[in-house]
Every structure is written in C-alpha cells, then in structure tokens.
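Take 2 as the starting number for the sequence shown in the working numbering and just add one per residue. Glycine included, each C-beta is placed from N, C-alpha and C at the ideal position. Worksheet for the structure shown next.
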Amino acid sequence: MRRHPVLVVPDATVDSALEAADACGVRHLLVAEVGELHGVVCVCDLWRAPGADPVFSRIAAESVTIAPAAPAALARLMMIRSDVDCLPVLRSGQLVGIVTRRDLRDIGLPVPETRCTYCKGTRHVRRVGVDDPLACFECRRSRGLSMAPFDRR
C-alpha cells in the first residue's frame, strides 16, 4: 500500500487532473477532499472530456475499496473480480492509501491483465457491451469502434 496516493479535489478541471497524473507518472487519480473518497478516475477516462469540466463528472462507478489490514491476496482477488487496476484503502471511511496492480506484482502476486483483442495491449482496455470487443483507446479510435467507454458520462 502506498500511503501518499495522487489526489485531486472534485472540482479540479480535467486539464489539471491530467497534468497532475503526468507530473506524478500515474494512471489513476483518487478524487477526494479532507480524507473523504469520492471516487477513482483513470487518465483514459479524461482524455476525451472537455478540459474545463470538473474531474468529479468523470468518475465511472462506485469505487471498490479495501481496509488497511486486509491481506494482499484479498486485494488481488478483488481486483480480478471487479476488473479494476487499483483499490483505495479506507480506514473508518477515511482514505489512507492505495493498492495498485503494480504493488501486488512487486510482492509476487500479479493480477492478470485484461488484453486488447487487436493489439494485445493492457492499458486503457474497455468494453461497451457484451457483444463489443475488448479494445484499448488507440485501437478503438483507429478502427472506428465505439468510443463510448471514453466519452463523457
């Protein structure tokens, strides 16, 4: 668990959130204020959004979280079942850190990656519906596939 995840406030702009992610070398940002978690956003969920939009509007779904004392094997299982790349760590409802796929890989518990049907890449892979192929941002764009997973919600 990393105790100092990259945070953005809910009313931060999409542009400022992307700048923060780039400056810190991360793909996921925790949207929080005063220790209260509002959600998680991935940079790919911000790419097609208007730069002045608040980052809060890009939170995709309710976040899957974990407790600080939970075993790493449980974190791995939760990531696999929920198809998420990170788990915010909450203690009594307060944000205290983050566990990522990389953290688990580094301790010998790799989480299988979801792969793009076309390029076999593992970054920013999304599916629109049951009949839609798993495809990354770049393959969706280059093949004219639906960009709905990356559009404003």
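| query | result |
| --- | --- |
| Rounding to the nearest angstrom, what Cα-Cα distance links Arg82 and Pro72 in this structure? | 16 Å |
| Check whether the Cβ atoms of Gly52 and Val9 sit closer than 7 Å, and answer yes or no. | no |
| Check Ile81 in the structure and name its three-state DSSP category. | helix |
| Evaluate contact between the region 75 to 91 and the region 55 to 65, counting only Cβ atoms and requiring at least three cross-stretch pairs below 8 Å. | yes |
| Go ahead and pull the three-state DSSP assignment for Glu20. | helix |
| Please state whether DSSP places Arg92 in a helix, a strand or coil. | strand |
| Quick check: Leu31 and Ala22, are their CB atoms within less than 7 Å of each other? | no |
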